[in-house]
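In case it helps, the UniProt record's numbering puts the sequence shown at residues 1 to 175.
Cβ atoms here follow ideal geometry from the backbone N, Cα and C, with glycine treated the same way.
Note that this is a predicted model, so its numbers are computed, not measured.
Data block below; observations after.
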Amino acid sequence: MAKTQKSADSSAPLKITKKSMGLSKTEKGKKLRLEKNKAKRKRQDERRKKREALGERAPAKEVPRTIENTREYDVTMVDPNDEEIAHLEMNDEMATYFKRETTPKVLITISQCAKMKTWKFCYELKRCIPNSEMFSRKYVSMKKLVKQALEKKFTDIIIVNENRRKPSELTLYLR
């Protein structure tokens with residue numbers, strides 16, 4: 001606790017002087033930082049003088065620690081030159097789709113009981129996406145819808161859901 005000085009008048013309030021309190025936290029922190037910086041500069045100067053004195057035989061500069069040079073090897077990472085991976089890529093059932101050898105056929109459908117804004121949004125989607133068709137889902141379950149889409153050779157399905165009478169979310173099923 002801080003020391004107080006008594007005044008000549010006993011009725012006057014006691015004054016707390018800064019001198020009696022010592023250094024404040026900010027002053028202590030500032031002093032500590034200055035000491036750390038001095039020590040750091042001193043170490044750097046010593047290393048620099050040592051390198052100059054030794055010339056070509058000087059030790060190499062210290063490499064800073066980064067995320068990249070401290071990263072541990074991850075076993076789950078796949079080597080791109082692996083034969084097994086190359087074989088899987090050659091026999092991939094979706095390879096024709098991603099190499100654009102087949103044209104995608106997109107089914108656009110709406111959530112149950114959709115309002116006018118959602119319908120308009122779906123028609124705009126249909127205009128923007130080539131080779132797409134629109135289908136009102138009504139009360140057909142998602143399982144049946146996906147099965148029917150596969151039978152009719154659709155490659156992708158877009159389901160537009162609405163919240164508070166406005167389109168709010170797109171669900172994509174990519175085959």
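- With contacts defined by Cβ atoms closer than 9 angstroms, residue 109 and residue 162 do not form a contacting pair.
- Taken in chain order, the complete alpha helix (DSSP H) segments of 4 or more residues contained in the region 50–104 are 67–70, 83–90, 95–98.
- Assigned with DSSP and collapsed to three states, residue 139 falls in coil, not helix or strand.
- By the Cβ test, the region 74–84 is not in contact with the region 111–130, since fewer than three Cβ pairs between them sit closer than 8 angstroms.
- In the DSSP assignment, residue 118 falls outside any beta strand (DSSP E) and within the unbroken alpha helix (DSSP H) covering 116–128.
- Secondary structure at residue 153: coil, using DSSP grouped into helix, strand and coil.
- The way I'd put it, the region 93–108 does touch the region 132–143; three or more beta-carbon pairs between them come closer than 8 angstroms.
- Under the three-state reduction of DSSP output, residue 107 falls in the strand class.
- Approximately 18 angstroms separates the beta-carbon atoms of residue 112 and residue 147; this is outside 8 angstroms, ruling out the contact.
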